[in-house]
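Going by numbering that gives the first Met the number 0, 35 is the number at position 36 of the sequence shown; the sequence numbering is gapless. Heads up, the beta-carbon is just placed ideally off N, CA and C, and yes, glycines get one too. The structure displayed is predicted, hence computed values, not measured ones. Heads up, the thing below is written out as structure tokens.
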Amino acid sequence: MSQTNHLMHLYMQSRVMMSAVDPHTISGAVGRKDCHMLGLHWPELLIIVSLGVLLFGSKKLPELSRSIGKGIVEFKKSVSGASSDEKLPPPKE
């Protein structure tokens with residue numbers, strides 16, 4: 000077995016061992032990005048979105064998403080601002 004084939008075999012073996020799903024579903028996964036967000040698949044994401052629409056309504060959901068996004072941006076700004084304050088030299092007297 001050539002070194003390339005051996006490495007490919009080890010890679011596929013590790014993918015099968017790490018996978019919690021049927022090994023046949025990852026056989027074509029070489030060279031392809033996994034598009035699962037937080038381990039959720041399309042049916043789970045569809046259920047979550049449907050529940051969001053039912054709970055908050057289709058008009059309120061974009062506003063809620065926008066406010067969550069703004070909150071995340073503000074949080075990131077405050078975290079990066081705190082780290083940039085630490086890098087400044089102390090004031091000279």
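Exercise for the section: Please state if the CB of residue 55 and the CB of residue 63 are separated by a distance shorter than 8 Å. Expected result: The answer is yes: Cβ separation under 8 Å.
Practice task
State yes or no: is the C-beta of residue 60 within less than 8 Å of the C-beta of residue 52?
Solution key: yes
Problem - Length of the line joining the Cα atoms of residue 67 and residue 8 - result: 44 Å
Practice task
Under 8 Å Cβ to Cβ from residue 31, same chain only, skipping five residues before and after it: list those, please.
Solution key: The pLDDT assigned to residue 31 is 46, lower than 50, so where the model puts this residue is not dependable; a value taken from the coordinates is nonetheless given after this. Within the same chain, residue 31 has no close Cβ partners at all.
Problem - Pairwise C-alpha distance: residue 65 and residue 49 - result: 18 Å
Problem - Inter-residue Cα distance where the pair is residue 69 and residue 11 - result: 41 Å
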